[in-house]
Amino acid sequence: MATDAGNPIPRFPAGFLWGVSTSAHQIEGGVTEREPSVWDVFTAEPGRVKDSSTAAVACDHVHRHPEDVTLLAGLGVNAYRFSISWPRVRSGKGLDFYDRLVDDLCAAGVRPVPTLFHWDLPADLDWLERDTAERFAEYVAQVAGRLGDRVTKWITLNEPAEHTLLGHALGVHAPGKRLLFDALPAAHHQLLGHGLAVRALRASGATDIGVANSHGPTWAASTEAPDVEAADFYDLLLNRLFADPLLLGRYPDGIGELMPGDVEADLKVIAEPLDWYGINYYAPTRVGAPQGAEIEFGGITMPAELPFSVREIEGYPVTDFGWPVAPEGLTEVLTSFRDRYGDRLPPVVITENGCAYPGVDDQDRIAYLDGHVRALHRAVEAGVDVCGYFVWSLLDNFEWAEGYARRFGLVHVDFDTLERTPKASYDWYRELLRSQRPTA
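Each residue of the sequence shown is one higher than the last, beginning at 27 in the numbering used here.
Below, the structure written as structure tokens:
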């Protein structure tokens with residue numbers, strides 16, 4: 027049993043959902059069996075990915091999924107969050123693959139929890155265009171019509187904040203646009219697509235729908251007014267720009283007028299009630315006033331013209347990605363959401379939490395997960411209604427613009443042979459899940 031100074035991890039409420047997460051583009055491969063996505067176009071451009079790799083094969087999950095379902099069953103999770111590739115579905119036979127995957131998961135006693143958009147937009151579409159939201163809803167209805175007899179828990183979008191910021195504002199992710207604040211229409215249209223997708227899922231009979239947004243505490247670099255104001259603005263972009271419309275039906279002050287179309291009418295769609303709210307948590311962010319120059323942070327060049335600057339957080343160990351290991355940030359973001367949104371916040375699921383470290387004997391990952399599960403329990407003790415936790419990720423995978431250099435998996439993947447090897451953290455998580463099972 028996982029321990030901290032000899033103390034077992036406390037038990038979570040009965041019915042708690044324990045799982046792992048993946049995404050289609052990062053693990054599936056089978057690129058010739060689907061339409062191209064914006065990520066295929068992006069990775070074909072020289073210099074976009076640090077090791078010049080692509081996800082053409084990745085983990086070859088599309089051909090080796092039975093092996094991966096066996097790993098899930100051996101792990102003992104009761105849920106698996108994966109994503110459905112919109113370009114694969116559009117190829118004509120893509121839903122056949124997800125049909126088989128869902129059948130195999132159900133047979134293994136693992137609940138399928140699909141995410142309907144995890145950044146791999148079909149290459150001929152653009153979130154800057156309103157029509158993409160309508161096309162998304164049509165695709166969602168198609169998927170629900172095929173899988174809804176077995177899939178009951180759905181996720182509409184994954185991290186629209188990062189897809190907007192990294193893909194449309196800073197250009198370091200697909201589709202590689204560097205629009206800065208002119209990227210805001212992409213945020214609005216993703217939110218609109220979410221609301222239309224919720225309506226499509228409800229029409230298919232779905233009663234368990236959520237979203238996966240990335241959130242974390244913003245820590246001001248100092249108590250000086252310029253740093254506090256910059257941190258507040260960054261917090262608005264990360265934590266309120268997407269949560270406020272979904273949970274309150276309005277944008278933060280000053281944002282709505284920057285969005286396209288009939289914003290008030292769209293907000294009625296965006297704020298369709300959710301059954302639960304997903305939070306992806308990795309680390310807090312320390313933010314101060316702009317410093318008048320480009321800053322390299324976490325492998326991303328932050329432009330000088332931004333009204334804030336991201337700073338290093340000192341005094342914490344860091345992951346292989348350079349992110350601070352701060353489990354207390356998970357407790358903080360959950361209690362702050364409870365305080366901010368009150369009864370407008372539905373039950374919460376941690377839809378991603380994990381870290382990049384090398385090696386198979388990954389004791390640093392075990393320490394990270396142990397600390398964060400305990401921090402999650404402290405939020406439960408503080409009265410936050412948390413009903414699930416998903417580790418990112420089951421497999422080492424294609425880590426977007428980092429290529430294959432960063433390993434988040436509980437299972438090691440040899441990207442030459444595609445051999446899977448469970449890591450020490452896989453065994454740790456399996457033992458944790460055993461300790462959480464009801465006793466006779």
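C-beta atoms are modelled at their ideal positions from N, C-alpha and C, and glycine is treated no differently.
In this structure the stretch 180-188 touches the stretch 223-234; the number of beta carbon pairs closer than 8 Å is three or more. Here the alpha carbon of R456 sits roughly 15 Å from the alpha carbon of Y394.
Residue pairing by DSSP places D175 opposite no residue, since no beta bridge is assigned to it. Shown here, S461 sits in a helix according to DSSP, grouped into three states.
Between P373 and W302, the C-beta gap is smaller than 9 Å, which places the two residues in contact. In this structure the stretch 434-449 does not touch the stretch 400-413; the number of beta carbon pairs closer than 8 Å is below three. In chain order, W145 place their CB closer than 6 Å to the CB of H189, counting only its own chain and leaving out the 5 sequence neighbours on each side. Counting along the chain, the unbroken beta strand (DSSP E) around T377 starts and ends at 374-378.
For V75, the closest C-alpha among the options R463, Q462, A431 is that of A431. Per DSSP, the continuous beta strand (DSSP E) segment holding I305 begins and ends at 303-306. Where V139 is concerned, the enclosing beta strand (DSSP E) starts and stops at 137-143. I326: not part of any alpha helix (DSSP H); member of the beta strand (DSSP E) spanning 326-328, first to last residue.
L121 is positioned such that its CB atom lies no closer than 9 Å to that of L206.
With contact defined as three or more Cβ pairs closer than 8 Å, the stretch 159-167 and the stretch 122-129 are not in contact.
With respect to the 9 Å criterion, A330 and E320 are classified as neighbours on the basis of their beta carbons.
In this structure, the alpha-carbon of D253 lies about 13 Å from that of L332. In this structure the stretch 421-441 touches the stretch 82-95; the number of beta carbon pairs closer than 8 Å is three or more. Shortest Cα-Cα distance from P353 to any of V399, V169, L274, R60 involves V399. With contact defined as three or more Cβ pairs closer than 8 Å, the stretch 99-107 and the stretch 63-83 are not in contact. Under the three-state reduction of DSSP, V410 is assigned to coil, being neither helix nor strand.
Look at H241 here: in three-state DSSP terms it is coil, with no helix or strand label. By the CB criterion at 9 Å, A246 and V313 fall inside the cutoff. With fewer than 16 neighbouring CB atoms inside 10 Å of its own CB, Q389 falls in the exposed class. Remark: three or more beta-carbon pairs, one from each stretch, lie closer than 8 Å, so the stretch 265-280 and the stretch 211-221 are flagged as touching. Within the model, the alpha-carbon separation for A82 versus P113 is close to 13 Å. Of the other Cβ atoms in all chains shown, 16 or more fall within 10 Å of the Cβ of S63; this residue is therefore buried.
According to the DSSP assignment, R446 belongs to the beta strand (DSSP E) that extends over 446-448. Note on geometry: alpha-carbon atoms of F434 and C381 lie some 5 Å from one another. Taken through DSSP and simplified to helix, strand or coil, T158 comes out as helix. Around the beta carbon of P343, fewer than 16 other beta carbons sit within 10 angstroms, so the residue counts as exposed. Non-local beta-carbon contacts of V417 in its own chain, meaning distances under 6 Å to residues more than five positions away in sequence, involve V46, G380 in chain order.
Here DSSP, grouped into helix, strand and coil, assigns L101 to helix.
In the DSSP assignment, P148 is bridged to S63.
For R37, no pairing in a beta bridge is given by DSSP. Non-local C-beta neighbours of A105 in its own chain, meaning closer than 6 Å and more than five positions away in sequence, comprise L43, G45, R137, V139, ordered along the chain.
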